[in-house]
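Chemist: Which chain is which? The protein sequence lines are A and B, in order. So the first sequence is residues 52 to 154, counted in my numbering. So the second sequence is residues 52 to 154, counted in my numbering. Following this message is one structure expressed as structure tokens.
There are 2 protein chains.
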Amino acid sequence: MSYKEKKVITIGIVSELTGLSERQIRYYEERRLIFPERTNGGTRKFSFMDVEKLVSIANQMEDGMQTSEIRKLEKKKLSTQDAEVRNRMIQGQLNAAFPTKKR
Amino acid sequence: MSYKEKKVITIGIVSELTGLSERQIRYYEERRLIFPERTNGGTRKFSFMDVEKLVSIANQMEDGMQTSEIRKLEKKKLSTQDAEVRNRMIQGQLNAAFPTKKR
DNA sequence: CGTGTAAGGAATTCTGACACG
DNA sequence: CGTGTAAGGAATTCTGACACG
């Protein structure tokens, strides 16, 4: 796994990096917008990906979006990506199976 | 600055990532092999680069090297790199100044 | 709904020192 | 020299709750 996805940053640092309060960060986790891991003792651990996502969330909140909307939009984006990946894979399979077909 | 160099990891996580004890990590800082930053409160903050360097240090310690030797070797490596960079830059300047010269 | 805050406790980290070798 | 450990304190984080709106 790349450094970007490794969960190693505590909430205080994340707060500094994002400009969000710890309260906000915990709340966004409660609303299932981010998914930090935990140490054995229960301390949250975030990745740089989480930090980026939090900045994005902050922007969407500023635009008046609610956490529920942000979550839904995120889901939609992911399923769209999934569909695109599937399409490309199928297309690849077809191209391999029928090499004579144009393009 | 890239994620790799950003100082955001606390010593407990670094200990887990490297397999080194916190005592060892603090000692290597005392011997100036690594240079973590600090929070306002005084808590150490490490980067993924530091983590990599610590793994390298651990290997060198296993090979029987002393911290003073490791530090010297590190310095040597850096000055060698510097020299190489300078050489390349000078060569580049020369190539630009005398484009007719072969190569 | 989203966020601030005070409260109490627990986990984490810090330093300086002693020990062993 | 390099590392473990107990000690005491300070910084950090955690949860559940109340408040405001």
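Where is the CB? At the ideal position from N, CA and C, for every residue including glycine.
List, in chain order, every chain B residue whose beta-carbon is nearer than 9 Å to that of Phe99/A.
Modeler: By Cβ distance, chain B contributes Tyr54, Lys57 and Val59.
Chemist: Evaluate Tyr78/A with the Cβ neighbour count: other Cβ atoms within 10 Å of its Cβ, from every protein chain shown; 16 or more gives buried, anything less gives exposed.
Modeler: Exposed, because fewer than 16 other Cβ atoms sit within 10 Å of the Cβ of Tyr78/A.
Chemist: Going along the chain, which residues of its own chain have a beta-carbon closer than 6 Å to the beta-carbon of Arg82/B, five neighbours each way excluded?
Modeler: Correct list, in chain order: Thr118.
Chemist: For Lys104/A and chain B, any beta-carbon pair shorter than 8 Å?
Modeler: No, Lys104/A lies away from the interface with chain B (no Cβ there is under 8 Å from its Cβ).
Chemist: Please compile the residues from chain A whose C-beta is within a distance smaller than 7 Å of the C-beta of Ile85/B.
Modeler: In chain order: nothing, as chain A lies at least about 16 Å away.
Chemist: My output table needs one value for Phe99/B: the three-state DSSP class, helix, strand or coil.
Modeler: Correct three-state label for Phe99/B: helix.
Chemist: I'd like to know whether the C-beta of Lys96/A is nearer than 8 Å to at least one C-beta of chain B.
Modeler: Taking Cβ atoms only, chain B reaches closer than 8 Å to Lys96/A, which makes this a yes.
Chemist: Looking at the C-beta of Ile64/A, does it have a partner C-beta in chain B at a distance below 8 Å?
Modeler: Closer than 8 Å: yes.
Chemist: Taking only the alpha-carbon atoms, compute the straight-line gap between Thr94/B and Ala109/B and give it to the nearest angstrom.
Modeler: Distance between the alpha carbons of Thr94/B and Ala109/B: 23 Å.
Chemist: Quick one: using the 10 Å Cβ neighbour count with 16 as the cut-off for buried, is Pro150/A buried or exposed?
Modeler: Label assigned to Pro150/A: exposed.
Chemist: From Glu88/A to Lys57/A, what distance separates their C-alpha atoms?
Modeler: Rounded to the nearest angstrom, the two C-alpha atoms are 10 Å apart.
Chemist: With DSSP as the reference, please indicate the residues paired to Glu88/B in a beta bridge.
Modeler: For Glu88/B, which the question treats as bridged, DSSP gives the partners Lys96/B.
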